Amino acid sequence: MYITITAFQKLHGTQPLKIDGIVKLIKEPDNKYDTEAIACEMRYYGKIGYVANSTNTVVKGSMSAGRLYDKINDEYFAKIKFITNQIAIAKVMTSDEYIEEVENPESDVHYLCENPSKIDIDFIKKTLEGE
């Protein structure tokens with residue numbers, strides 16, 4: 030499952046983005062512009078943008094924040110796969126990919142999440158992977 034990341038130009042430009050860079054997805058239910066907003070953070074930069082949630086910004090074939098919102102925990106992770114000067118496309122990690130990152134002590138997951146074991150893997154398997 031892929032998502033479009035947008036609005037990063039205003040914060041840092043494309044500087045923090047790199048292929049296979051890990052992005053933390055954080056629900057923002059109190060966002061005054063969008064109650065289904067999902068912020069994106071990266072190590073060293075903090076917030077880099079948002080998961081697109083408009084028909085004008087969601088790239089065809091990717092999932093909007095509204096469609097993803099109920100399928101992830103309050104925070105989860107994705108990896109950047111494509112970058113342009115206006116958007117980035119990231120792949121939402123499967124539960125196995127997430128576990129692999131947690132097992133790697135050098136992974137950015139450890140720097141972006143205080144307690145990686147608090148992610149509900151069973152929930153992810155059920156909602157994202159349909160098990």
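One point on numbering: in our numbering, the residue at position 67 of the sequence shown is 96, and numbering is uninterrupted. Where a beta carbon is used, it is the ideal one built from N, C-alpha and C, also for glycine. Bear in mind that the values here come from a model prediction, so they are computed numbers and not experimental data.
Contact between Val87 and Thr33 holds, since their C-beta atoms are separated by about 5 angstroms, short of 8 angstroms.
Rounded to whole angstroms, Glu129 and Arg72 show a C-alpha spacing of 18 angstroms. Contact between Tyr105 and Ile148 holds, with the beta-carbon distance rounding to 7 angstroms and staying under 8 angstroms. Across the set Ile150, Val52, Gly159, the C-alpha of Val52 shows the shortest separation from the C-alpha of Ala119.
Residues of the same chain with a CB within less than 7 angstroms of the CB of Val138, apart from the 5 flanking positions on each side, are Ile51, Phe106, Glu130, Val131, Pro145 in chain order.
Annotation: Asp99 to Phe111 spans about 24 angstroms, alpha carbon to alpha carbon. Assignment of beta strand (DSSP E) within the region 67 to 150, counting only whole runs of 3 or more residues, yields 75 to 80, 104 to 112, 117 to 121 in chain order. For Thr33, the enclosing beta strand (DSSP E) starts and ends at 31 to 35. Annotated as proximal: Leu97 and Ile67, with beta-carbon spacing under 9 angstroms. With a cutoff of 9 angstroms on beta-carbon distance, Asn82 and Gly95 are scored as near each other. Ranking Glu65, Tyr79, Asn60, Asp49 by CA distance to the CA of Thr35 puts Tyr79 first.
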